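If you're matching positions, the sequence shown starts at 3 in our numbering and goes up one per residue. Notes follow the structure.
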Amino acid sequence: MFIIFLITGLIVGSFLNVLVYRIHTAEELIFDRSRCPHCKKQIRWFDNIPVVSFVILKFRCRDCQEKISWQYPIVEIFTGVIFALIGWKFFVLIDTTSWLSTAYYLFMASSLITILVYDFLYLEIPGSVLWVSIFLAIVFGLYMDGMSLWNLESNTLNLLDTITYPGVLAATVAFVFFFSLSFFSREKWMGMGDAYLVILLGLILGWPEILLALFLAFFLGAFYGIIMLAMKKKKMKSQVPFAPFLVLGTLITLLFYSPIINWYFSLFM
3 MFIIFLITGL IVGSFLNVLV YRIHTAEELI FDRSRCPHCK KQIRWFDNIP
53 VVSFVILKFR CRDCQEKISW QYPIVEIFTG VIFALIGWKF FVLIDTTSWL
103 STAYYLFMAS SLITILVYDF LYLEIPGSVL WVSIFLAIVF GLYMDGMSLW
153 NLESNTLNLL DTITYPGVLA ATVAFVFFFS LSFFSREKWM GMGDAYLVIL
203 LGLILGWPEI LLALFLAFFL GAFYGIIMLA MKKKKMKSQV PFAPFLVLGT
253 LITLLFYSPI INWYFSLFM
C-alpha cells in the first residue's frame, strides 16, 4: 500500500504544479493540455511522467531545450512522500472508516502543498483553494461527529467529544493571534492571508496540536531567515512568505505529533 500511495502522490504532485501555474495565469484548468512555459508547445504524454520524464529529458524541454524548473520534480517527490506517510498513518484496509479519513487528509495535504508552492512563488495565498478547503474541513468535522454532537438521553451537546469543537477552538485562537499580528503591524509582521490560512490549519489539527504546528512554523521560518541572511540572499527588510512554514509545521504535526511530544517530555524525565 505504501507504494500505491507514493505513486498516487507523485501523480497528484504533477497536477498540483499545473494547478499552481494555472491559478496564477487564470488559464483553463481541466480541458487544456499542459504546455512548456517557454515555447508554449504542448507537452507529450510520455514527457509528463512524474520525475521520470524530468530525468530522461535531462531537465530540459524536448522542443525548445529551455531548462525545466526543479520545482516540478521537487513538488512531485514531496507530495509522493507526504501521501505515503498519510497512508501509513491513517489508512487501515479492513477499517472502512479510515478510508474516508485518509481521503480527507490526502485532499487537505494537496491543498496545503498548493498553498505552500503558490505563496513561495508569488507571495500570495490562493483564496479559491483556501476557502474551499476550509468549507470541506467544516463539513468533514460535522459529518464525522454526526449524531454524537447531541446526547439524546441528557438532551445536551457533547462538544468536548467531537472533532468540530477542538478544530473550531484551534482555528479561533490561531486566527485571533495572527489577525492581531497583522492588524497592529499593518501587515508588516504578518500578512492577513496567513491569518485566514491558520483557520484551515486549526480545523485540520485541532487543539492543542495547533500549538506545536505554530511553534514549528516560527522555528523553521527563523532558521530559513538566518540561513538566507548568512548567505546574503535576503536582507532584513526582504519579504519572506510565511505560509510555506505554516504548511510544513502542520504536516509535521499531523504525521508526528505524538512522537515529538513524547520525545519532548522524555527530556525532563
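Here a beta-carbon is modelled for each residue, glycine too, at the ideal position from N, C-alpha and C. Predicted model only: the values in this text are computed from it and were never measured.
What does the alpha-carbon distance come out to for the pair residue i and residue j?
i, j, result
"residue 141", "residue 106", "11 Å"
"residue 74", "residue 260", "32 Å"
"residue 130", "residue 268", "42 Å"
"residue 60", "residue 45", "15 Å"
"residue 36", "residue 11", "19 Å"
"residue 71", "residue 128", "21 Å"
"residue 76", "residue 84", "12 Å"
"residue 132", "residue 138", "10 Å"
"residue 258", "residue 43", "43 Å"
"residue 225", "residue 241", "15 Å"
"residue 229", "residue 120", "22 Å"
"residue 8", "residue 118", "20 Å"
"residue 263", "residue 227", "26 Å"
"residue 13", "residue 271", "44 Å"
"residue 90", "residue 188", "42 Å"
Tell me, which residues are paired with residue i by DSSP?
i, result
"residue 69", "62"
"residue 37", "44"
With 16 as the cutoff for other CB atoms within 10 Å, does residue i come out buried or exposed?
i, result
"residue 210", "exposed"
"residue 182", "exposed"
"residue 23", "buried"
"residue 28", "exposed"
"residue 6", "exposed"
"residue 52", "buried"
"residue 98", "exposed"
"residue 144", "exposed"
"residue 19", "buried"
"residue 232", "exposed"
"residue 95", "exposed"
"residue 58", "exposed"
"residue 178", "exposed"
Quick check: residue i and residue j, are their CB atoms within less than 7 Å of each other?
i, j, result
"residue 4", "residue 86", "yes"
"residue 193", "residue 173", "no"
"residue 166", "residue 115", "no"
"residue 168", "residue 195", "no"
"residue 122", "residue 243", "yes"
"residue 109", "residue 100", "no"
"residue 213", "residue 254", "no"
"residue 16", "residue 78", "yes"
"residue 113", "residue 135", "yes"
Let me see if you follow: with CB-CB separation under 7 Å, is residue i close to chain C or not?
i, result
"residue 53", "Of the protein chains in this structure there is only one, and it is not chain C."
Are at least three pairs of beta-carbons, each pair with one atom in the region 242-256 and one in the region 193-202, less than 8 Å apart? Using a Cβ-Cβ distance cut-off of 8 Å, the region 242-256 and the region 193-202 are in contact, since at least three pairs of beta carbons, one from each stretch, lie closer than that value.
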